[in-house]
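This report refers to the structure that appears directly beneath it.
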Amino acid sequence: MARDVLITPASTRVAFTDAGDVTTVLRTSNGRFEMKDSSESSFVDLYANDIVLDGDLTVGGTTTTVNTSNLLIEDPILQLAKGQTTGAPIVDIGFVGLRGNSANAAFIWDESDDAFAAIFTTGSGLTTGDAAGGATTITPSGYADFKAGTAVFAGDDVRIRADGDANSHPGFELSENGTRKWIIFNDYTNDNLTFKTNSDSRMVIKQDGKVGIGPNPSGPQSILDVYGNYISMGDGTYAAALGRGN
Numbered sequence: 001m002a003r004d005v006l007i008t009p010a011s012t013r014v015a016f017t018d019a020g021d022v023t024t025v026l027r028t029s030n031g032r033f034e035m036k037d038s039s040e041s042s043f044v045d046l047y048a049n050d051i052v053l054d055g056d057l058t059v060g061g062t063t064t065t066v067n068t069s070n071l072l073i074e075d076p077i078l079q080l081a082k083g084q085t086t087g088a089p090i091v092d093i094g095f096v097g098l099r100g101n102s103a104n105a106a107f108i109w110d111e112s113d114d115a116f117a118a119i120f121t122t123g124s125g126l127t128t129g130d131a132a133g134g135a136t137t138i139t140p141s142g143y144a145d146f147k148a149g150t151a152v153f154a155g156d157d158v159r160i161r162a163d164g165d166a167n168s169h170p171g172f173e174l175s176e177n178g179t180r181k182w183i184i185f186n187d188y189t190n191d192n193l194t195f196k197t198n199s200d201s202r203m204v205i206k207q208d209g210k211v212g213i214g215p216n217p218s219g220p221q222s223i224l225d226v227y228g229n230y231i232s233m234g235d236g237t238y239a240a241a242l243g244r245g246n
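Counting from 1, position 151 in the sequence shown corresponds to residue 151 in the working numbering; the numbering is continuous, with no gaps.
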């Protein structure tokens with residue numbers, strides 16, 4: 001506790017002293033209040049509605065709430081999971097957005113899957129009692145769409161993997177202005193690789209290497225099945241399609 005309090009009206013200054021240390025509260029001409037210790041050059045500035053800290057700030061406790069319309073951060077690289085500096089990683093890292101009556105959206109590093117994930121979740125990321133994840137983990141209830149421009153994948157043996165749920169059709173779509181032009185997918189009913197336009201199949205490749213080409217080809221029975229009446233020979237002539245062989 002301070003032993004002495006010095007008030008000097010002429011300078012609008014209040015000084016608290018304790019064992020030789022002086023803490024000064026100064027009201028400046030522009031209406032600011034500045035607080036500093038005698039050994040410090042930094043100030044805590046109090047305006048009518050603002051506080052400016054000229055120095056480092058450490059906040060303890062459990063929850064820090066920022067009730068502002070905008071949050072501006074100069075630091076270009078944010079450090080998350082500050083307490084996880086040693087040992088095996090066990091926490092998910094990222095951001096959760098609340099969406100009212102809809103599932104929350106999150107972008108996280110999923111430690112259990114060792115991958116970044118854009119997900120939906122009922123978790124809030126705040127409390128340890130959260131059934132869909134607590135303060136250190138988030139459990140996905142589904143995966144969100146992700147839109148971007150050009151994507152570049154680099155590294156050794158780079159692959160793009162489409163991992164669908166059971167009895168689904170993982171694949172890739174080529175669209176133009178929102179309209180699907182081509183789709184390449186695995187048909188889970190027979191595990192054929194199927195190439196389709198917007199709705200019609202154009203080529204099928206079976207797991208054993210047999211290929212079917214033409215209007216809506218079904219499962220090919222030979223190395224190459226051509227579906228249709230005629231085949232162009234490339235010189236303006238046509239040959240009748242022979243159909244399936246052995």
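Where is the CB? At the ideal position from N, CA and C, for every residue including glycine.
Here the structure is a predicted model, which is why all the values come from computation and not from measurement.
Let me make sure I understand the geometry here. Which of the options has the alpha-carbon closest to that of residue i?
i, options, result
"Ala172", "Ala154, Thr197, Asn70 and Thr68", "According to the sequence shown, residue 172 is Phe rather than Ala. When each option's Cα is compared against that of Phe172, the closest is Thr197."
"Tyr190", "Thr179, Lys206 and Thr137", "Sequence inspection shows Asn at residue 190; the Tyr mentioned does not correspond to that position. Among Thr179, Lys206 and Thr137, the Cα nearest to that of Asn190 is on Lys206."
"Ile183", "Thr194, Asp163 and Asn67", "Thr194"
"Gly123", "Ala117, Ala103 and Leu53", "Ala103"
"Thr139", "Gly149, Phe107 and Gly214", "Phe107"
"Arg202", "Asp208, Lys210 and Pro215", "Pro215"
"Phe146", "Gly60, Glu176, Ile119 and Asp200", "Ile119"
"Ala166", "Val59, Glu176, Asp157 and Asn186", "Asn186"
"Thr136", "Leu98, Ala81, Tyr143 and Thr121", "Ala81"
"Gly164", "Ile77, Gly142 and Asp157", "Gly142"
"Pro170", "Gly209, Thr179 and Ile160", "Ile160"
"Gly100", "Thr121, Ser69, Leu57 and Pro76", "Thr121"
In the DSSP assignment, what are the bridge partners of residue i?
i, result
"Asp110", "Ala115"
"Glu176", "Thr179"
"Tyr143", "Ile119"
"Asp225", "Gly212"
"Val90", "The amino acid at residue 90 is misidentified as Val; the sequence shows Ile. According to DSSP, which records beta bridges pairwise, Ile90 is partnered with nothing at all."
"Asn186", "Leu193"
"Gly125", "In DSSP, Gly125 forms no bridge with anything."
"Pro171", "Before going further, note that residue 171 is Gly rather than Pro in the sequence given. DSSP, once it has assigned bridges, lists Phe185 as partnering Gly171."
Between which two residues does the beta strand (DSSP E) holding residue i run?
i, result
"Val66", "No beta strand (DSSP E) contains Val66, which DSSP labels as neither H nor E."
"Phe95", "Ile93 to Gly97"
"Asn101", "First-last for Asn101: undefined, no H or E at that position."
"Ser201", "Ser201 to Ile205"
"Asn192", "Asn192 to Lys196"
Apart from the five residues on each side of it in sequence, which residues of its chain come closer than 7 Å, Cβ to Cβ, to residue i?
i, result
"Asn192", "Val204, Ile205, Lys206 and Gly219"
"Asn246", "The pLDDT assigned to Asn246 is 38, lower than 50, so where the model puts this residue is not dependable, and the model offers no usable value."
"Gly129", "Low per-residue confidence applies at Gly129: pLDDT is 49, beneath 50, and the placement is therefore not dependable, though the value from the model is reported in the following sentence. For Gly129, where only same-chain residues beyond five positions count, there are no Cβ hits under 7 Å."
"Gly60", "none"
At least one CB of chain B closer than 8 Å to the CB of residue i: is that the case?
i, result
"Trp109", "Note that chain B does not occur in the displayed structure, where there is just one protein chain."
Tell me which residues share the same chain as residue i and place their Cβ nearer than 6 Å to its Cβ, disregarding the 5 neighbours each side in the sequence.
i, result
"Phe116", "Trp109"
Contact between the stretch 110-119 and the stretch 78-92: three or more CB pairs below 8 Å?
yes
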